[in-house]
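Asker: Quick one: the structure is below, and I'll ask about it shortly.
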Amino acid sequence: MEVVLALVIGVLGGAGVWLILRPRTFQVVMGLVLLSYAVNLFIFSMGSLVIDKPPIVTPGHAASLEHYSDPMPQALVLTAIVIGFATTALFLVVLLASRGFSGTDHVDGVRGDP
Amino acid sequence: MSALLSLAVLPVVLPLVATAALLIIGESRRRLGSIVNMAATLAGLVVATLILWQVDAAGEAGAIAVYLTANWPAPYGITVVADRLSALMLVMAGLVGVGTALYASAGWSRAGSYFFPLLQILLMGVNGAFLTGDLFNLFVFFEVMLAASYGLQLHGSGAPRVQSGLHYIAINLLASSLFLIGLAVIYGVMGSLSMADVAARMPLVAESDRGLLHIGAVMLAMAFLIKAAIWPLNAWLVPAYTASSVPVAALFVVMTKVGLYAILRLWTLLFPAGAEVSAQFGASFLFAGGLLTLCFGALGVLASIRLDRIAAFSVIVSSGTLLAAFAVGSIEVGSAALFYLVNATLATSALFLLVEVVKRTRSETQTRHLDAEALPDEDDNLDDNALPLVGRAFPISVAGLALAFLVCALLVAGLPPLAGFLAKAALLQALVHQLPATEMNPSTIGPHGTWLMIVLIVSSGLFATISLARAGIRHFWLKGGVLASQLRAAEAGAVLLLLLASLGLAVFAEPALRYTQATSRYLHAPQPYVDAVLGARARPGPATPAIDEGSVR
Chain S
1 MEVVLALVIG
11 VLGGAGVWLI
21 LRPRTFQVVM
31 GLVLLSYAVN
41 LFIFSMGSLV
51 IDKPPIVTPG
61 HAASLEHYSD
71 PMPQALVLTA
81 IVIGFATTAL
91 FLVVLLASRG
101 FSGTDHVDGV
111 RGDP
Chain L
115 MSALLSLAVL
125 PVVLPLVATA
135 ALLIIGESRR
145 RLGSIVNMAA
155 TLAGLVVATL
165 ILWQVDAAGE
175 AGAIAVYLTA
185 NWPAPYGITV
195 VADRLSALML
205 VMAGLVGVGT
215 ALYASAGWSR
225 AGSYFFPLLQ
235 ILLMGVNGAF
245 LTGDLFNLFV
255 FFEVMLAASY
265 GLQLHGSGAP
275 RVQSGLHYIA
285 INLLASSLFL
295 IGLAVIYGVM
305 GSLSMADVAA
315 RMPLVAESDR
325 GLLHIGAVML
335 AMAFLIKAAI
345 WPLNAWLVPA
355 YTASSVPVAA
365 LFVVMTKVGL
375 YAILRLWTLL
385 FPAGAEVSAQ
395 FGASFLFAGG
405 LLTLCFGALG
415 VLASIRLDRI
425 AAFSVIVSSG
435 TLLAAFAVGS
445 IEVGSAALFY
455 LVNATLATSA
465 LFLLVEVVKR
475 TRSETQTRHL
485 DAEALPDEDD
495 NLDDNALPLV
505 GRAFPISVAG
515 LALAFLVCAL
525 LVAGLPPLAG
535 FLAKAALLQA
545 LVHQLPATEM
555 NPSTIGPHGT
565 WLMIVLIVSS
575 GLFATISLAR
585 AGIRHFWLKG
595 GVLASQLRAA
605 EAGAVLLLLL
615 ASLGLAVFAE
625 PALRYTQATS
635 RYLHAPQPYV
645 DAVLGARARP
655 GPATPAIDEG
665 SVR
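Sequences listed follow chains S and L, in order.
Counting in my numbering, the first sequence runs from 1 upward without gaps.
Counting in my numbering, the second sequence runs from 115 upward without gaps.
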C-alpha cells in the first residue's frame with residue numbers, strides 16, 4: 001500500500017508541476033489542482049497508513065501509532081482541502097477575467113507559440 | 115498580566131468583527147463604512163500599542179501572554195502568543211493599516227467593491243500570523259491574508275492588474291502547497307505542530323529523522339521566502355505591487371515582512387544558535403539568499419525610472435537586508451535589523467502612498483512626449499471616477515509634497531538625520547562589532563561575508579539616493595509646480611502619519627533600540643517562550659470546579 005500511495009503522490013505531483021509550467025492558464029489551474037491532490041494525500045499519509053485501526057485511543061493499549069490511526073492529519077487535510085478549493089475557485093475567476101481582457105488564455109496575456 | 119491575557123487575541127477578533135459590521139453596513143453607505151473602518155483600524159493600533167506597552171512593562175525579558183483558544187492547553191489547543199517580537203510587528207502593521215485606511219478613504223475605496231472588508235480581513239490575517247503559536251494556524255492565517263490580498267490586488271480591475279494578479283495568485287498557491295508539504299513532514303517527524311512543543315522536542319529527534327526534519331524546514335522556508343520576495347523567488351513582486359492600487363501596494367509592504375517574521379520566529383525557535391544539534395541550520399543559505407536579493411533589489415532601484423517601481427524594488431532591498439541580517443544570528447545585528455524592519459516598512463509604505471499624489475503635481479499634456487512616466491498609465495482611465503476631482507487644494511501643497519518626498523527619500527536611502535540612517539548605522543556598527551567574533555568562530559558567516567554585506571548595504575543606500583534624487587528632480591524641479599497639486603486632507607494625513615511615526619522612531623531611537631535589543635536577546639534564548647506556552651494552564655470555568663492536574667488525565 002505504501003508503494004501504491006507513494007507512486008500516486010509522485011505521479012500526481014509530477015503531472016501537477018509539469019502542467020503548472022505550461023503556458024495556458026487552464027493547464028496551470030489543472031496543475032495546481034493536481035498538485036494540491038498530491039499534497040493532500042501526502043499529509044494524509046503522515047498519520048500512519050493502516051487499515052482497521054480506529055482514530056481513537058482504546059483502553060488497555062498504549063497510545064502509540066501501532067494501536068490507533070492518527071486523526072490529526074485528517075483534520076489538517078480537511079482544512080487544506082477547503083482552503084485549496086476556495087483559492088482555486090478564485091483563480092478560475094481571475095483566469096476568466098484575464099481571458100476577457102486579453103482575448104487569449106496565455107499566462108502572460110499575449111498570444112505566444114502554442 | 116490578566117488584562118494582557120485577554121488582550122492578546124483582540125488584534126485578530128477586532129478586524130473580524132469590523133468585517134462583519136462592514137458587510138452589514140454594505141456598499142451603499144460609504145461614509146458610515148469608511149468611519150467604521152477607520153475606527154476599527156485605529157482601535158487595532160491602540161490595542162497593539164497597549165500590548166507592546168504591557169509586554170515591555172514586564173521587564174527585561176518581557177511578558178509572554180498566552181491565550182488558549184477554547185481553553186485547551188498547549189500543545190493540544192491552538193495558542194495565541196503575544197511576546198516582544200509579536201507586539202512590535204503588531205504595532206508596525208497597525209500603523210501601516212491606519213495609514214492605508216485613511217488614504218483609501220479619500221477615493222480609492224470607491225474604485226471597486228468591498229475594499230474595507232478586504233482590508234480588515236488582510237489585517238486579521240497579518241495580525242493572526244504574528245500572534246499564532248501553532249504552525250498549522252500560521253498556514254491558515256497566511257491563507258486568510260493571501261485570500262484578502264488577491265481581492266485587494268485586483269481592486270479597481272483593469273488588464274495589468276488581472277495579468278499580474280494571475281501570476282501573483284499562481285505563485286502563492288504553489289507556495290501554499292510547499293507550506294503544506296513542509297507542515298506534513300514536520301508533523302510526521304515531531305507529532306506536533308505547536309511551535310513551542312516542536313522547539314521543546316528538537317533535541318529529542320533521532321539522528322535518522324533529522325534529515326527529514328531538515329527537509330520539512332526547507333519546504334517551509336521556501337514558502338516563507340516566496341512571500342518575503344527573496345531572489346530568485348521574487349519575480350512576482352514588482353508587477354503585482356506596481357499594478358495594484360496605491361493604498362493596496364502600501365499595505366502589501368507589510369506582507370513581505372510576514373514571511374520574514376515567520377523565518378525569524380521559526381529559525382530562532384527550532385534552530386537556535388546555542389543548540390547542540392542543527393544550530394542555525396541553513397543560515398549560510400539564508401545569508402547568501404539575502405545578499406543576492408539585496409544586490410538584485412539595489413540594481414533594480416538604480417534601473418527604475420517610475421516612482422512606484424523604485425518603491426517596489428526598495429521593498430526587495432529591505433527584504434534582502436533583513437534576511438541576511440537575521441541569518442547572521444548575532445544579538446546585536448538582530449536588534450539593529452528589527453529597528454531597520456520597522457523603519458523600512460513605514461518608509462516604503464509612505465513612498466507608495468506618495469506615488470500617486472506626486473504624479474498629480476505635473477501637467478500631463480506638457481510632459482507626455484518627454485517622459486516615460488507621463489505615458490497613459492495602466493490604471494488611469496479606469497480610475498477616473500475614483501480619483502478626487504478637485505479636492506481641497508492646499509496653498510502649500512506642492513511644497514509640502516516635496517518635503518514629504520524628501521523625508522521619504524532620506525528614510526528609504528538611509529541618509530542622516532532620520533531613522534533610516536540610525537537603522538543603517540546601527541546595522542553597520544553591529545556588523546563591524548561582529549567581525550572579530552566570527553574570526554574566532556568560522557562556522558558562522560565569516561569575515562568575508564560580513565564585509566560583503568557591509569559593502570552591499572552601503573552601496574544599496576547610494577543607489578537608492580541616486581534613483582530617488584533623479585525622481586525628485588524630475589517631479590519637483592523640472593516641471594513640478596506647474597500644476598498645483600490636488601491633495602486631499604486624508605491623503606496628506608496618511609502620508610504625514612507614517613512619516614511622523616518614522617520621525618518618532620528617530621526621536622525616541624534610544625528606547626526603541628533598547629526594546630529591539632531586548633527582543634533580540636529574548637529571541638536568542640527561546641526557552642522562556644517554550645516554558646510560557648507549554649506551562650499555560652487552562653482557566654477554570656465559572657460553573658465547573660477548578661481543574662487540577664489529576665482529573666485531566
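The beta-carbon is built from N, C-alpha and C at its ideal position, and this holds for glycine as well.
Predicted, not measured: the structure shown is a model, and the values here were computed from it.
Give a yes or no on whether the minimum CB-CB distance between residue 209 (chain L) and chain S is below 9 Å.
Answerer: Numbered from its first residue, the second sequence carries residue 209 (chain L) at position 95. No, its Cβ sits nowhere closer than 9 Å to a Cβ of chain S.
Asker: Apart from the five residues just before and just after residue 385 (chain L), which ones in its own chain have a Cβ nearer than 7 Å to its Cβ?
Answerer: Residue mapping note: residue 385 (chain L) aligns to position 271 of the second sequence, counting from 1. These residues qualify, in order along the chain: 392, 393, 394 and 395.
Asker: With DSSP as the reference, label residue 190 (chain L) as helix, strand or coil.
Answerer: One-based indexing of the second sequence puts residue 190 (chain L) at position 76. The answer is coil: DSSP assigns residue 190 (chain L) none of H, G, I, E or B.
Asker: Note down the Cα distance separating residue 420 (chain L) from residue 525 (chain L), rounded to an integer number of angstroms.
Answerer: For the purposes of this step, residue 420 (chain L) is taken as the residue at position 306 of the second sequence. For the purposes of this step, residue 525 (chain L) is taken as the residue at position 411 of the second sequence. Straight-line Cα distance between these residues: approximately 18 Å.
Asker: Please state if the CB of residue 408 (chain L) and the CB of residue 434 (chain L) are separated by a distance shorter than 9 Å.
Answerer: For the purposes of this step, residue 434 (chain L) is taken as the residue at position 320 of the second sequence. For the purposes of this step, residue 408 (chain L) is taken as the residue at position 294 of the second sequence. Yes; because the gap between Cβ atoms is below 9 Å, this pair is in contact.
Asker: In angstroms with no decimal places, state the Cα-to-Cα distance between residue 12 (chain S) and residue 4 (chain S).
Answerer: To locate residue 12 (chain S), count along the first sequence from 1; it is residue 12. To locate residue 4 (chain S), count along the first sequence from 1; it is residue 4. Going from the Cα of residue 12 (chain S) to the Cα of residue 4 (chain S) covers about 12 Å.
Asker: Would you tell me roughly how many angstroms separate the C-alpha atoms of residue 231 (chain L) and residue 357 (chain L), rounded to the nearest one?
Answerer: Indexing the second sequence from 1 puts residue 231 (chain L) at position 117. Indexing the second sequence from 1 puts residue 357 (chain L) at position 243. Approximately 21 Å between the Cα atoms of the pair.
Asker: Give the interface partners of residue 276 (chain L) over in chain S, defined as CB-CB distance under 7 Å, in chain order.
Answerer: Position 162 of the second sequence, counting from 1, holds the residue named residue 276 (chain L). Residues of chain S passing the Cβ test: 94, 97, 98 and 101.
Asker: Spell out whether any CB of chain S is found under 9 Å from the CB atom of residue 138 (chain L).
Answerer: Stepping through the second sequence from its first residue, residue 138 (chain L) is reached at position 24. Chain S contact via Cβ: absent.
Asker: Does residue 277 (chain L) pass the burial test, meaning 16 or more other C-beta atoms within 10 Å, or should it be called exposed?
Answerer: In the second sequence, counting from the first residue as 1, residue 277 (chain L) sits at position 163. Residue 277 (chain L) is classed as buried because its beta carbon has at least 16 other beta carbons within 10 Å across all chains shown.
Asker: Could you name the residues of the stretch 32 to 46 of chain S whose beta carbon sits closer than 9 Å to any beta carbon of chain L, in the order they occur along the chain?
Answerer: 32, 35, 36, 38, 39, 40, 42, 43, 44, 45 and 46
Asker: Take residue 430 (chain L) and list the residues in its own chain whose beta-carbon comes closer than 7 Å to its own, dropping the five residues that flank it on each side.
Answerer: Within the second sequence, numbered from 1, the residue matching residue 430 (chain L) stands at position 316. 343, 348, 351, 407, 410, 411 and 414, listed in sequence order.
Asker: Of all Cβ atoms in chain S, is any one closer than 9 Å to the Cβ of residue 235 (chain L)?
Answerer: Here residue 235 (chain L) refers to the residue found at position 121 of the second sequence. For residue 235 (chain L), the answer is no, since every Cβ of chain S falls outside 9 Å of its Cβ.
Asker: Within 10 Å of its beta-carbon, does residue 51 (chain S) have 16 or more other beta-carbons around it, so buried, or fewer, so exposed?
Answerer: Translated into the one-based positions of the first sequence, residue 51 (chain S) becomes position 51. With fewer than 16 other Cβ atoms inside 10 Å of its own Cβ, residue 51 (chain S) counts as exposed.
Asker: Could you work out which residue in L:263, L:238 and L:264 is closest to residue 252 (chain L) when comparing CA atoms only?
Answerer: Within the second sequence, the letter at position 138 stands for residue 252 (chain L). Nearest of L:263, L:238 and L:264 to residue 252 (chain L), Cα basis: L:238.
Asker: Only counting the same chain, and skipping five residues up and downstream in sequence, which positions put a Cβ closer than 6 Å to that of residue 258 (chain L)?
Answerer: Numbered from its first residue, the second sequence carries residue 258 (chain L) at position 144. Cβ within range, chain order: 239.
Asker: State yes or no: is the beta carbon of residue 328 (chain L) nearer than 9 Å to at least one beta carbon in chain S?
Answerer: By 1-based counting over the second sequence, the position of residue 328 (chain L) is 214. Residue 328 (chain L) does not count as touching chain S.
Asker: If you drop the 5 nearest sequence neighbours on each side, which residues of the same chain put their C-beta closer than 6 Å to that of residue 304 (chain L)?
Answerer: Here residue 304 (chain L) is taken as the residue at index 190 of the second sequence, counted from 1. Hits under 6 Å: 312 and 315.
Asker: If the cut is a Cβ gap below 8 Å, which residues of chain L does residue 73 (chain S) touch?
Answerer: Indexing the first sequence from 1 puts residue 73 (chain S) at position 73. Simply 298 and 301.
Asker: With C-beta atoms as the reference, is residue 380 (chain L) less than 9 Å away from residue 441 (chain L)?
Answerer: Position 266 of the second sequence, counted from the start, is the residue given in the question as residue 380 (chain L). Position 327 of the second sequence, counted from the start, is the residue given in the question as residue 441 (chain L). Cβ atoms of residue 380 (chain L) and residue 441 (chain L): not closer than 9 Å.
Asker: Quick one: is residue 91 (chain S) near chain L, going by C-beta distance under 9 Å?
Answerer: Locating residue 91 (chain S) in the first sequence gives position 91, counting from the first residue. Output row for residue 91 (chain S): interface = yes.
Asker: Under 8 Å by Cβ, that's how I've got residue 54 (chain S) and residue 69 (chain S) pegged, so tell me the actual separation to the nearest angstrom.
Answerer: On the first sequence, position 54 is the one that residue 54 (chain S) refers to. On the first sequence, position 69 is the one that residue 69 (chain S) refers to. Residue 54 (chain S) to residue 69 (chain S), Cβ: 7 Å. Contact.
Asker: For the candidate residues L:137, L:164 and L:202, whose alpha-carbon lies nearest to that of residue 460 (chain L)?
Answerer: Here residue 460 (chain L) is taken as the residue at index 346 of the second sequence, counted from 1. Comparing Cα positions, the closest option is L:202.
Asker: Interface residues of chain L around residue 86 (chain S) at Cβ under 9 Å?
Answerer: Numbered from its first residue, the first sequence carries residue 86 (chain S) at position 86. Chain L residues near residue 86 (chain S): 257 and 261.
Asker: What in chain L is Cβ-close to residue 107 (chain S), meaning under 8 Å?
Answerer: What you label residue 107 (chain S) is simply residue 107 of the first sequence in a count that begins at 1. 280, 281 and 284, listed in chain order.
Asker: Work out the CA separation of residue 172 (chain L) and residue 646 (chain L) for me, nearest whole Å.
Answerer: Residue 646 (chain L) sits at position 532 when you count from the first residue of the second sequence. Residue 172 (chain L) sits at position 58 when you count from the first residue of the second sequence. Taking the straight line joining both Cα atoms gives about 14 Å.
Asker: Examine chain S for any beta-carbon lying closer than 9 Å to the beta-carbon of residue 264 (chain L), and answer yes or no.
Answerer: Walking along the second sequence from the start, residue 264 (chain L) turns up at place 150. Yes, because at least one Cβ of chain S sits closer than 9 Å to the Cβ of residue 264 (chain L).
Asker: Rounded to a whole number of angstroms, what is the C-alpha to C-alpha distance between residue 165 (chain L) and residue 236 (chain L)?
Answerer: As a first step, residue 165 (chain L) must be located in the second sequence, where it is residue number 51. As a first step, residue 236 (chain L) must be located in the second sequence, where it is residue number 122. Distance between the alpha carbons of residue 165 (chain L) and residue 236 (chain L) is about 20 Å.
Asker: Would the stretch 185 to 205 of chain L and the stretch 320 to 333 of chain L be scored as touching if the rule is three or more Cβ pairs under 8 Å?
Answerer: no
Asker: On the criterion of 16 or more Cβ atoms from any shown chain inside 10 Å, does residue 644 (chain L) qualify as buried, or is it exposed?
Answerer: Start at 1 with the first residue of the second sequence, and residue 644 (chain L) comes out as number 530. By the 10 Å Cβ count, residue 644 (chain L) comes out buried.
Asker: Please classify residue 98 (chain S): does DSSP put it in a helix, a strand, or coil?
Answerer: Position 98 of the first sequence holds residue 98 (chain S). If DSSP states are grouped into helix, strand and coil, residue 98 (chain S) belongs with the helices.
Asker: Quick check: what's the CA-CA separation for residue 159 (chain L) versus residue 612 (chain L)?
Answerer: The residue given as residue 159 (chain L) occupies position 45 in the second sequence. The residue given as residue 612 (chain L) occupies position 498 in the second sequence. So the alpha carbons of these two residues sit roughly 13 Å apart.
Asker: Using CA atoms only, rank isn't needed, just tell me which of L:378, L:254 and L:248 is closest to residue 633 (chain L).
Answerer: Numbered from 1 along the second sequence, position 519 holds the residue referred to as residue 633 (chain L). Selected option, being the one with the closest Cα: L:378.
Asker: Within its chain, find whatever has a CB closer than 8 Å to the CB of residue 48 (chain S); leave out the 5 residues flanking it on each side and keep chain order.
Answerer: As a first step, residue 48 (chain S) is located in the first sequence; it is residue number 48 there, counting from the start. Contacts found: 65, 69 and 70.
Asker: So the candidates are L:625, L:650, L:571 and L:290; which of them puts its Cα closest to the Cα of residue 542 (chain L)?
Answerer: Here the question's residue 542 (chain L) lines up with position 428 in the second sequence. Ranked by Cα distance from residue 542 (chain L), the options L:625, L:650, L:571 and L:290 are led by L:571.
Asker: Could you run through the stretch 6 to 28 of chain S and flag, in chain order, every residue whose CB is less than 8 Å away from some CB of chain L?
Answerer: 20, 25 and 28
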